[in-house]
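For the sequence shown, the residue numbers in the UniProt record's numbering are 1 to 193. We put the beta carbon where it would ideally sit given N, CA and C, even for glycine. Given the structure is predicted, the values throughout are model-derived calculations rather than measurements. Heads up, the thing below is written out as structure tokens.
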Amino acid sequence: MKIVIINYGAGNIQSIMFAIERLGFKAVLSNNPDEIKSADKVIFPGVGEASSAMTKLRESGLDSLIPELKQPVLGICLGMQLMCNKTEEGNTKGLGIFDVDVLKFSNNVKVPQMGWNQIYDLKTDLFKDISENEFMYLVHSFYAPNCAESIATTNYDVEYASALQKDNFYGTQFHPEKSGDVGEKILGNFLKM
Numbered sequence: 001m002k003i004v005i006i007n008y009g010a011g012n013i014q015s016i017m018f019a020i021e022r023l024g025f026k027a028v029l030s031n032n033p034d035e036i037k038s039a040d041k042v043i044f045p046g047v048g049e050a051s052s053a054m055t056k057l058r059e060s061g062l063d064s065l066i067p068e069l070k071q072p073v074l075g076i077c078l079g080m081q082l083m084c085n086k087t088e089e090g091n092t093k094g095l096g097i098f099d100v101d102v103l104k105f106s107n108n109v110k111v112p113q114m115g116w117n118q119i120y121d122l123k124t125d126l127f128k129d130i131s132e133n134e135f136m137y138l139v140h141s142f143y144a145p146n147c148a149e150s151i152a153t154t155n156y157d158v159e160y161a162s163a164l165q166k167d168n169f170y171g172t173q174f175h176p177e178k179s180g181d182v183g184e185k186i187l188g189n190f191l192k193m
């Protein structure tokens, strides 16, 4: 199986590579459109700020490639947020895969949300054999509100979508690669799709 992690200068790539290796697979880092298109599975990571990340995607042409991919694609953290219509972070237009706008948490809570929080209302095979209310690791100041494409929910000031799915596209606000055995099981479920 060919697993490609999109390398566009805005990702926590090493921890994802190590998690995939612990699951018994190898991944390659690439920003080459042909290599990404020929992958069996694509992981779209993201750590950083939305507008600069989108600038990097546009400069490499990946902004038009990613929405056209037909194989399973997993966006993680900022990767998931960039797959939405737009984000309040830098008033940035996203890739428009998920039909939801990303909002900033209110001043009622400490921002960023950093640490462990529960996921529930789990849907799809991404969460096969995963219990409700498992704890996942999150670091974020912006969130996707619950919507028709929500497949997991978390509560921090508001209930929001901690995972999204539309067709072959999946997104997790949490970091499965930093969420211990349960997170790696979710990553494994994605790789089996």
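The alpha helix (DSSP H) that contains residue i, what's its start and end?
{"i": "A50", "result": "50-60"}
{"i": "K185", "result": "180-191"}
{"i": "K128", "result": "Counting along the chain, K128 falls outside any alpha helix (DSSP H), and DSSP gives it neither H nor E."}
{"i": "F18", "result": "13-22"}
{"i": "I36", "result": "33-37"}
On the DSSP bridge list, what partners appear for residue i?
{"i": "G115", "result": "L138"}
{"i": "N155", "result": "E159"}
{"i": "A144", "result": "A161"}
{"i": "K166", "result": "F169"}
{"i": "I42", "result": "Residue 42 is actually Val in this sequence, not Ile. The partner list for V42 (beta bridge, DSSP) reads V4, V73."}
{"i": "S150", "result": "L164"}
{"i": "K93", "result": "K86"}
Quick one: give me the first and last residue of the beta strand (DSSP E) that residue i is part of.
{"i": "S30", "result": "27-30"}
{"i": "N85", "result": "84-87"}
{"i": "V47", "result": "Run containing V47: none; DSSP gives neither H nor E here."}
{"i": "F98", "result": "98-104"}
{"i": "Y170", "result": "169-172"}
{"i": "I3", "result": "3-6"}
For residue i, which residues in the same chain have their Cβ closer than 6 angstroms to its Cβ, ignoring the five residues on either side in sequence?
{"i": "M114", "result": "V139"}
{"i": "P176", "result": "G183, I186, L187"}
{"i": "G9", "result": "K56"}
{"i": "M83", "result": "G75, L95, I97, F98, G171"}
{"i": "A27", "result": "I3, I5, M17, I20"}
For residue i, collect the residues of the same chain with a Cβ closer than 8 angstroms to its Cβ; drop the 5 residues on either side in sequence, then sort them by chain order.
{"i": "Q173", "result": "C77, M80, Q81, L138, H140, Y143, A144, T154, Y160, A161, S162, A163"}
{"i": "E149", "result": "F98, D99, V100, A161, L164, Q165, K166"}
Suppose the cutoff is 7 angstroms on Cβ atoms and the five residues either side in sequence are ignored; what does the same chain contact list for residue i look like?
{"i": "E132", "result": "Y120, L122"}
{"i": "I130", "result": "L122, V182, K185, I186"}
{"i": "E49", "result": "E89, G90"}
{"i": "R22", "result": "E184"}
{"i": "D125", "result": "N189, M193"}
{"i": "N85", "result": "G94, G96, D99, V100, D101"}
For residue i, count neighbouring C-beta atoms within 10 Å of its own C-beta (all shown protein chains included) and say buried if the count is 16 or more, exposed if not.
{"i": "D40", "result": "exposed"}
{"i": "F169", "result": "buried"}
{"i": "L18", "result": "According to the sequence displayed, residue 18 carries Phe and not Leu. F18 is exposed by the Cβ-count criterion."}
{"i": "I1", "result": "Reading the sequence as shown, one finds Met at residue 1 and not Ile. The residue in question, M1, is exposed, as its Cβ has fewer than 16 Cβ neighbours within 10 Å."}
{"i": "D63", "result": "buried"}
{"i": "K192", "result": "exposed"}
{"i": "V109", "result": "exposed"}
{"i": "T87", "result": "buried"}
{"i": "Q14", "result": "exposed"}
{"i": "E134", "result": "buried"}
{"i": "S106", "result": "exposed"}
{"i": "P112", "result": "exposed"}
{"i": "S179", "result": "buried"}
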